[in-house]
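Each position in the sequence shown, counted from 1, maps to that position plus 22 in our numbering. Glycine residues also receive a C-beta, built at the ideal position from the N, C-alpha and C atoms. The next block holds one structure in the form of structure tokens; read it before the comments.
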Amino acid sequence: MIRRTHLLVACLAMMIAGHGIAAAAPTVINLTQTGCQFVEPEGVDHQFKTGKSDDCKAINKQNGDKRLKASAPLELKPGKYIFRVTNQNVPYELGFYLRGSGLGRLTLPKVSGGGLTTGKTQDYHVDLKAGSYVYSCPLNPTPDYPIVVKP
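If you want it as structure tokens, here you go:
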């Protein structure tokens, strides 16, 4: 009887796994930071020269709003994501900050962290719910790039 029970449990586990009931792997979103920007949402590396974060504040004050309006929001479905962020040739430490926008800032999931030295890539894991988000880098001041998550 015990053998039949073990066999039944093993069969049920295989059936569950075979029908997609197991958790899906997170989707990876690759993002590249250069001076004062994320390349992917803007579609071009503007080659801004920067030696410190204050340089980006001045650059983005001049053209950040225009660049942001020209970029399209990232559209995703709810679920688990890995934002894989690379510091491409920025000579100081960077980070990543994804959070809800508007009132969603208080209720939606967020992820943040630093430690992105020149040439380093780091993963940021988050389970996104439906809503509006923004992402940026406070250490390499960038615009707040939008993400829309809907079923």
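Residue i in three-state terms, based on DSSP
i	result
residue 69	coil
residue 7	Outside the modelled stretch of the chain, which goes from 23 to 173, sits residue 7, for which no answer is possible.
residue 98	strand
residue 75	helix
residue 193	Only positions 23 to 173 of the chain appear in the structure, and residue 193 is not among them; the question remains open.
residue 160	coil
residue 87	helix
residue 57	coil
Cβ separation of residue i and residue j, assumed to be a contact under 8 Å, to the nearest whole Å
i	j	result
residue 116	residue 161	5 Å
residue 166	residue 158	5 Å
residue 112	residue 72	7 Å
Exposure of residue i, with buried meaning 16 or more beta-carbon neighbours within 10 Å
i	result
residue 138	buried
residue 59	buried
residue 143	exposed
residue 65	exposed
Three or more C-beta pairs below 8 Å linking the stretch 146-159 and the stretch 93-111: yes
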